[in-house]
Amino acid sequence: MNVVPFFEWLDASSLASFAKTYAGLFSLVQAVHILSMIMLVGMIILGDLRMLNIVLKGVPSDVIIQNTKKWIYIGLVGIVLSGIYESSAIAMKLAYNSFFWAKMAGLAMGVVFMLSFRSAVYNRAPESIASTGPKSDAVEPWVVKLVALASLLIWFSVAANGRWIGFS
Amino acid sequence: MLNELLFEFATWLDGFQASTNLHEAIYAYGWVEGTHVLTLTLFLGMLLVIDLRLLGVAFKELPASTLMERLDKPMMIGFAVMIISGVLLYFAIPVRSTQSIWFRIKVVLLIAAGINALLIRNMTRSADLAWDKDPVPPKRIRVGAGLSLSLWALVVVCGRNMAYDWWDCHKEMPYFMYWAAGCVNELAAFE
Chain A
67 MNVVPFFEWL
77 DASSLASFAK
87 TYAGLFSLVQ
97 AVHILSMIML
107 VGMIILGDLR
117 MLNIVLKGVP
127 SDVIIQNTKK
137 WIYIGLVGIV
147 LSGIYESSAI
157 AMKLAYNSFF
167 WAKMAGLAMG
177 VVFMLSFRSA
187 VYNRAPESIA
197 STGPKSDAVE
207 PWVVKLVALA
217 SLLIWFSVAA
227 NGRWIGFS
Chain B
232 MLNELLFEFA
242 TWLDGFQAST
252 NLHEAIYAYG
262 WVEGTHVLTL
272 TLFLGMLLVI
282 DLRLLGVAFK
292 ELPASTLMER
302 LDKPMMIGFA
312 VMIISGVLLY
322 FAIPVRSTQS
332 IWFRIKVVLL
342 IAAGINALLI
352 RNMTRSADLA
362 WDKDPVPPKR
372 IRVGAGLSLS
382 LWALVVVCGR
392 NMAYDWWDCH
402 KEMPYFMYWA
412 AGCVNELAAF
422 E
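First to last, the sequence lines map onto chains A and B.
Numbering-wise (the working numbering), the first sequence opens with residue 67 and increments by one.
Numbering-wise (the working numbering), the second sequence opens with residue 232 and increments by one.
Below you can see the structure in the form of structure tokens.
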């Protein structure tokens, strides 16, 4: 699939010319992108560190994971909207930028992983991790910890590749 | 006077070979800057969790003191990394940072956020935590948490804007801006 025409279209769009015209607004959108990252990744980190029993050990994990969801979604919306705005201004650079594509791959992987494995495995965390009472369908502790590590690694790669777009 | 002192200090730092080396090392500088930005997720991420609880909008099932006490360590680890990487970034580009209006506003906001954090800490001593399990804490606590989030968000905005040269000393600016940014040499031209 050739995606270059899409980026050519984005580059020629009125959004792109608007984004390129107002530098002050653009920098604010960049800050919104960073603040959304803090909300999204901060809440992911909290859940993952909890399931690794590194923070808040003994506090029922269901309560923590449940509370992070809303803020993860708000963060995601903020990140995607501000990200589209930012990318319109440098569309042709991004079309050929490997860090951008690594970031997009990581982002897609992170969202799919969060909604599937991460969510399912965290729901079935054994008592030694979850502290919510015994469960009949509990998985092994190492499975939960592996999922937590994988989640941290995926989101780290998204943020790190994103930062490196600016240096490349 | 203060502008001159700060400029002298920055110029002194700028004289170190290590300062130039770090600035010109693409990978080392990029990693320090990347660390500074990515550690925000740990430091401000944990701060966000605590402040949302103190605002009474999230984690309401948990006592506020549980989050404050047990997330303090990861937050402070993040803060330490922010300070270390931040000092290195300042060391790599001392003169321009010293004369950056954004950096100056950022430092003032950091001090304000620090004072606010101390006030919150004073208001949340264990003896005063009668509301610990209430879903929504008293107003003074919520005001403090709201201030905390606003101040830190503005710190991020200022940090991000340091990358832009709109108000750098070499630009044509009004006298007040040269003074506020500490453009010592440009100010001298007005004498």
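Where is the CB? At the ideal position from N, CA and C, for every residue including glycine.
As the structure is a prediction and not an experimental result, all values here were calculated from the model.
For leucine 218 of chain A, collect the residues of the same chain with a Cβ closer than 6 Å to its Cβ; drop the 5 residues on either side in sequence, then sort them by chain order.
-> On the first sequence, residue 218 of chain A is found 152 positions in, with the first residue counted as 1. Closer than 6 Å at the Cβ level, and outside the excluded window around leucine 218 of chain A, lie Asp114.
What's the call for histidine 99 of chain A, buried or exposed, on a 16-neighbour Cβ count within 10 Å?
-> The residue given as residue 99 of chain A occupies position 33 in the first sequence. Counting of Cβ neighbours within 10 angstroms places histidine 99 of chain A among the buried residues, the total reaching 16 or more.
Buried or exposed: where does arginine 229 of chain A fall if 16 or more other Cβ atoms within 10 Å of its Cβ makes it buried?
-> As a position in the first sequence, residue 229 of chain A is number 163, starting the count at 1. A residue is called buried once 16 or more other Cβ atoms fall within 10 Å of its Cβ, and arginine 229 of chain A is buried on that count.
Residues that threonine 297 of chain B contacts on chain A, provided the C-beta gap is smaller than 8 Å | As a working mapping, residue 297 of chain B is identified with position 66 in the second sequence. Neighbours of threonine 297 of chain B on chain A, chain order: Leu122 and Val125.
Chain-ordered neighbours of glutamate 292 of chain B on chain A, where CB pairs are closer than 8 Å | Within the second sequence, residue 292 of chain B is the residue found at index 61, counting from 1. Under the 8 Å cutoff, chain A gives Val129 and Asn133.
Relative to the C-alpha of alanine 259 of chain B, which residue among B:Leu320, B:Thr329 and B:Val367 is closest?
-> Walking along the second sequence from the start, residue 259 of chain B turns up at place 28. Of B:Leu320, B:Thr329 and B:Val367, the residue nearest in Cα terms is B:Leu320.
For a contact meaning CB atoms closer than 8 Å, what does leucine 142 of chain A contact in chain B?
-> Against the first sequence, residue 142 of chain A aligns to sequence position 76. Residues of chain B whose Cβ lies closer than 8 Å to the Cβ of leucine 142 of chain A do not exist, since the nearest Cβ in that chain is about 14 Å away.
May I ask you to check if the CB of arginine 352 of chain B is nearer than 7 Å to at least one heavy atom of the ligand ADP?
-> You won't find the ligand ADP in this model; it holds no ligand whatsoever.
Span of the alpha helix (DSSP H) holding glutamine 96 of chain A?
-> Along the first sequence, read from residue 1 onward, the residue named residue 96 of chain A stands at position 30. Taken as a continuous stretch (DSSP letters only), the alpha helix (DSSP H) holding glutamine 96 of chain A covers 89–117.
Residue burial classification, tyrosine 188 of chain A (beta-carbon count within 10 angstroms, cutoff 16) | Within the first sequence, the letter at position 122 stands for residue 188 of chain A. Under the 10 Å beta carbon count, tyrosine 188 of chain A is surrounded by 16 or more other beta carbons and is classified as buried.
Within 8 Å, strictly: CB atoms of leucine 302 of chain B and isoleucine 104 of chain A = As a working note, residue 302 of chain B is residue 71 in the second sequence. As a working note, residue 104 of chain A is residue 38 in the first sequence. The criterion of a C-beta distance shorter than 8 Å is not satisfied by leucine 302 of chain B and isoleucine 104 of chain A.
Step through the CB atoms of chain A and report whether any lies within less than 8 Å of the CB of arginine 391 of chain B.
-> Position 160 of the second sequence, counted from the first residue, corresponds to residue 391 of chain B. Output row for arginine 391 of chain B: interface = yes.
CA-CA distance, valine 386 of chain B and lysine 201 of chain A?
-> Position 155 of the second sequence, counting from 1, holds the residue named residue 386 of chain B. Position 135 of the first sequence, counting from 1, holds the residue named residue 201 of chain A. If you take the alpha carbons of valine 386 of chain B and lysine 201 of chain A, they lie about 45 Å apart.
Identity of the residue in A:Met117, A:Ala85 and A:Ser80 nearest glutamate 206 of chain A by Cα | Translated into positions along the first sequence, residue 206 of chain A becomes position 140. That would be A:Met117, whose Cα lies nearest to the Cα of glutamate 206 of chain A.
Select from A:Ser234, A:Asn227, A:Ile231 and A:Trp221 the residue whose C-alpha is nearest the C-alpha of isoleucine 138 of chain A.
-> Counted from its first residue, the first sequence places residue 138 of chain A at position 72. Nearest C-alpha to isoleucine 138 of chain A among A:Ser234, A:Asn227, A:Ile231 and A:Trp221: A:Trp221.
Check whether the stretch 336–352 of chain B touches the stretch 389–402 of chain B, taking contact to mean three or more Cβ pairs, one atom from each stretch, closer than 8 Å.
-> They touch, by the three-pair rule.
Contacts of glycine 413 of chain B in chain A (Cβ-Cβ under 7 Å) | The count along the second sequence starts at 1 and reaches residue 413 of chain B at position 182. Correct list: empty, because the minimum Cβ distance to chain A is about 21 Å.
Which same chain residues, not among the five before or five after serine 331 of chain B, have their C-beta less than 6 Å away from its C-beta?
-> Position 100 of the second sequence, counting from 1, holds the residue named residue 331 of chain B. Here the set comprises Met393.
Inter-residue spacing [alpha-carbon to alpha-carbon] between alanine 161 of chain A and phenylalanine 73 of chain A | Counted from its first residue, the first sequence places residue 161 of chain A at position 95. Counted from its first residue, the first sequence places residue 73 of chain A at position 7. CA-CA distance, alanine 161 of chain A to phenylalanine 73 of chain A, rounds to 6 Å.
State yes or no: is the beta carbon of alanine 216 of chain A nearer than 8 Å to at least one beta carbon in chain B?
-> Locating residue 216 of chain A in the first sequence gives position 150, counting from the first residue. Chain B contact via Cβ: absent.
If you check the beta carbons only, do serine 379 of chain B and isoleucine 351 of chain B fall under 8 Å apart?
-> Within the second sequence, the letter at position 148 stands for residue 379 of chain B. Within the second sequence, the letter at position 120 stands for residue 351 of chain B. Their beta carbons are under 8 Å apart, which means serine 379 of chain B touches isoleucine 351 of chain B by this criterion.
Taking Cβ positions only, does leucine 91 of chain A come closer than 8 Å to chain B?
-> On the first sequence, residue 91 of chain A is found 25 positions in, with the first residue counted as 1. So, not an interface residue.
Minimum Cβ-Cβ distance from glycine 317 of chain B to chain A less than 8 Å | As a first step, residue 317 of chain B must be located in the second sequence, where it is residue number 86. Chain A contact via Cβ: absent.
Terminal residues of the continuous alpha helix (DSSP H) containing glycine 172 of chain A?
-> Here residue 172 of chain A is taken as the residue at index 106 of the first sequence, counted from 1. Looking at the DSSP string, the run of the alpha helix (DSSP H) that includes glycine 172 of chain A is 164–179.
Compare the Cα-Cα distances from threonine 272 of chain B to each of B:Ala384, B:Trp398, B:Cys400 and B:Gly287 and report the closest residue.
-> One-based indexing of the second sequence puts residue 272 of chain B at position 41. The alpha carbon of threonine 272 of chain B has as its nearest neighbour, out of B:Ala384, B:Trp398, B:Cys400 and B:Gly287, the alpha carbon of B:Ala384.
Alpha helix (DSSP H) segments (min. 4 residues) lying fully within the stretch 237–274 of chain B = Taking only runs of at least 4 residues, the alpha helix (DSSP H) segments lying wholly in the stretch 237–274 of chain B are 248–255 and 257–269.
Within its chain, find whatever has a CB closer than 7 Å to the CB of threonine 329 of chain B; leave out the 5 residues flanking it on each side and keep chain order.
-> For the purposes of this step, residue 329 of chain B is taken as the residue at position 98 of the second sequence. The residues are Leu237, Phe238, Ala241 and Gly413.
Simplified DSSP assignment, three categories, for tryptophan 397 of chain B | Your numbering for residue 397 of chain B matches position 166 in the second sequence. Tryptophan 397 of chain B falls in the coil class under three-state DSSP.
CA-CA distance, proline 368 of chain B and glycine 199 of chain A?
-> Within the second sequence, residue 368 of chain B is the residue found at index 137, counting from 1. Within the first sequence, residue 199 of chain A is the residue found at index 133, counting from 1. Cα to Cα, the separation comes out at about 29 Å.
Between which two residues does the alpha helix (DSSP H) harbouring asparagine 416 of chain B extend?
-> Locating residue 416 of chain B in the second sequence gives position 185, where the first residue counts as 1. Per DSSP, asparagine 416 of chain B is one residue of the alpha helix (DSSP H) stretching across 415–419.
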